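Data first, discussion second: the structure below is written as structure tokens.
There are 2 protein chains.
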Amino acid sequence: MTDTVKNRKAALYDHLKTSILTLALDPGSDLDEADLSTSFGLSRTPLREVFRELAGEGYLELHAGRGARVSGMSHTTVRDFFLAAPMIYGAILRLAALNASPRQIEELRTAQDRFRTALRTGDAAARALANNRFHEITGEMAGNVYLLPSFYRLLIDHARIGMTFYRPQNNEMAGNLTAASDQHDAIIAAIEARDADAAARLADEHWKLSRDQIEMFVMPAPLDMPLGTFPKNSA
Amino acid sequence: MTDTVKNRKAALYDHLKTSILTLALDPGSDLDEADLSTSFGLSRTPLREVFRELAGEGYLELHAGRGARVSGMSHTTVRDFFLAAPMIYGAILRLAALNASPRQIEELRTAQDRFRTALRTGDAAARALANNRFHEITGEMAGNVYLLPSFYRLLIDHARIGMTFYRPQNNEMAGNLTAASDQHDAIIAAIEARDADAAARLADEHWKLSRDQIEMFVMPAPLDMPLGTFPKNSA
DNA sequence: CGAATTTCTATTGTATACAAGTTGTATTTT
DNA sequence: AAAATACAACTTGTATACAATAGAAATTCG
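Residue numbers (my numbering), protein chains in the order written: chain A, 1 to 235; chain B, 1 to 235.
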């Protein structure tokens, strides 16, 4: 690729997006315009446009007079996330099964290959990004402009919550990863078969696996709790 | 208000937002930076920032090298809208009932007063804007960052579809407006009573009323169809 | 010694000049 | 006459200089 301004802009966009998704940039942290401006070879004008674009997608928050910071994760975040995710994920996968084009299914396969590779060889960040991309594609398949804004917003924090909570502390958690991968395969199959009900069912299962993983962090070792004050919520 | 840049920026934002919601600006139409720049007394830099912000919220689309245009309404728009709206509206009103603060309930009452006034004295645009504001407040009450992006996106096209399809051609349609107003009152009551189930039920009713209104346009006079090829979908 | 106010500095926000790219038109060539 | 290409006018995109504002530091006064 030639080194055009447009490409440097895209590079900045990708850098910020991946850094935020993988928690390389902490939620709530400030972004320095001057810094990024010099390191990416952009003047502040296009830089700020990237900020606004990312803010529109939910990666950043712009505070008047105080510039841009990474979208925060408050105590209500996880609760709000648990409320919204099952509903949206189900709807997206259902629509994906109905609308996916052959070309998109190919893309999804490729993404899943990358995810599998990341499982074997990559670190947590690589896994999170590959998984994120897989689900982004299901969003593209669904193609409903009214659902996508929320879906993409959910994917951001799904990646970040995953990065926060996932530590392969025991065999069960490591096993979850291969289970997730298997579910991805099943999702691809359901989409290819245009089986919306199966896709919705898989969305639910996939979501529950994710949820269990998060809960497992809250109580990673049931018989060995250092503080003993964290009851597992098994609703 | 003093005439600061900040205020002129806000004025531009409001102007574009209301113009888009009321169809004063047609979907898909181009926006001329130079024009707006001079008429709002802003240089192109803050102007373009407003564009990006509105694009992030779904009012505008930015095409590289071709500037900003009003978000389009394609043939898939209505179908996608009908799929997404019932689900999101129900979830939002349910959460609104659970989370609304007394202050927000006051705001909702004020918005509803304005809507009632617009019913009596205003034109279609005034009604659409007042109704839009009412529902925006329910979104603020719900306060779930993951659902709001889709909800606000839906509100944009709900206003626009309403403006497109609503013409008080018969008594039934005019009656729908007072029915909608009554439902607003019931929604306020349900929220104040913290009755999430009632709120969700009302969301469904309110949605169905809206839907019927749109369908009525498709078939405004059931017994008097000039072309006779448009079966009413009464699913 | 502490609180408040003023000054200074760093960072964000805006304007304008300039560059790059796009579109439409006209001319030329086949 | 039709098509293609080159050119010109206009629109969008970027850089930089300048203005405004928020936060920090220091000084002054109670």
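Heads up, the beta-carbon is just placed ideally off N, CA and C, and yes, glycines get one too.
Just so you know, these numbers come straight off a predicted model, no measurement behind them.
Check                                                                                                                     : Outcome
A68 (chain A) in three-state terms, based on DSSP                                                                         : strand
Cβ pair E52 (chain A), G56 (chain B) closer than 8 Å                                                                      : First, the residue type needs correcting, since residue 52 (chain A) is Arg and not Glu in the sequence shown. For R52 (chain A) and G56 (chain B), yes; Cβs fall inside 8 Å.
Neighbour flag for N144 (chain A) against chain B, beta carbons, 8 Å                                                      : yes
Min CB distance T164 (chain B) to chain A below 8 Å                                                                       : no
C-alpha distance - S181 (chain B) paired with R116 (chain B), whole-angstrom precision                                    : 7 Å
Top-ranked residue by Cα proximity to G58 (chain B), from B:R69, B:R48 and B:D204                                         : B:R69
L62 (chain B) (DSSP reduced to helix, strand or coil)                                                                     : strand
Residue from A:E33, A:V145 and A:I88 with nearest C-alpha to T77 (chain B)                                                : A:V145
Close Cβ partners of D240 (chain A) (< 8 Å) along its chain, the five nearest in sequence each way excluded               : Nothing in the structure corresponds to residue 240 (chain A), since chain A is present only between 1 and 235.
Boundaries (first-last residue) of the alpha helix (DSSP H) holding T324 (chain B)                                        : Only positions 1 to 235 of chain B appear in this structure, which leaves residue 324 (chain B) out of reach.
Alpha carbon of W207 (chain A) to alpha carbon of A84 (chain A), nearest angstrom                                         : 11 Å
Residues bridged to D185 (chain A) [DSSP beta-bridge criterion]                                                           : D185 (chain A) pairs with nothing; no bridge assigned.
Spatial neighbours of L227 (chain A) in its chain, beta-carbon cut-off 6 Å, leaving aside the 5 residues before and after : Any reading at L227 (chain A) needs caution, since the residue's pLDDT is 41, under 50, leaving its predicted position unreliable; the model's value is listed next. No residues qualify anywhere along the chain.
Endpoints, the alpha helix (DSSP H) within which R46 (chain A) is located                                                 : The sequence as given places Pro at residue 46 (chain A); Arg does not occur at that position. Run containing P46 (chain A): R44 to E57, per the alpha helix (DSSP H) assignment.
D35 (chain A) (DSSP reduced to helix, strand or coil)                                                                     : helix
Beta carbon proximity, S150 (chain A) to chain B, threshold 8 Å                                                           : yes
Residue span of the alpha helix (DSSP H) that contains A130 (chain A), given as start and end                             : A124 to A142
Partners in chain A for D80 (chain B), counting only beta-carbon separations shorter than 7 Å                             : N144, V145 and Y146
Extent of the continuous alpha helix (DSSP H) run through A111 (chain A)                                                  : P102 to T121
Exposed unless 16 or more other CB atoms sit within 10 angstroms - verdict on A200 (chain B)                              : buried
Contact set between T45 (chain A) and chain B, taken where Cβ atoms lie within less than 8 Å                              : T45
Burial state of L12 (chain B) (16 or more Cβ within 10 Å)                                                                 : buried
When B:E205, B:D212 and B:L147 are compared against F82 (chain A), the one with the closest alpha-carbon                  : B:L147
DSSP-derived helix/strand/coil call for T2 (chain A)                                                                      : coil
Reference E192 (chain A), options A:L93, A:L21 and A:L177, closest by Cα                                                  : A:L93
D30 (chain B), DSSP secondary structure in three states                                                                   : strand
Short CB-CB distance (under 8 Å) between A186 (chain A) and chain B                                                       : no
Residue-level contact to chain A via CB, M87 (chain B), 8 Å cutoff                                                        : yes
Closer than 8 Å to chain A by CB, E205 (chain B)                                                                          : no
Sequence-distant residues of the same chain with beta carbon closer than 6 Å to I187 (chain A), five excluded per side    : L202
Beta-carbon proximity of N176 (chain B) to L21 (chain B), cut-off 8 Å                                                     : no
Contact list for L154 (chain B) against chain A, beta-carbon separation under 9 Å                                         : Y146
Sequence-distant residues of the same chain with beta carbon closer than 7 Å to G162 (chain B), five excluded per side    : A128
The stretch 31-59 of chain B: positions lying closer than 8 Å to chain A by Cβ                                            : T45, R48, E49, R52, E53, A55, G56, E57 and G58
Cβ of L83 (chain A) within 8 Å of any chain B Cβ                                                                          : yes
Same chain only: Cβ atoms within 8 Å of Q213 (chain B), ignoring 5 sequence neighbours per side                           : G162, F165, Y166, M173 and N176
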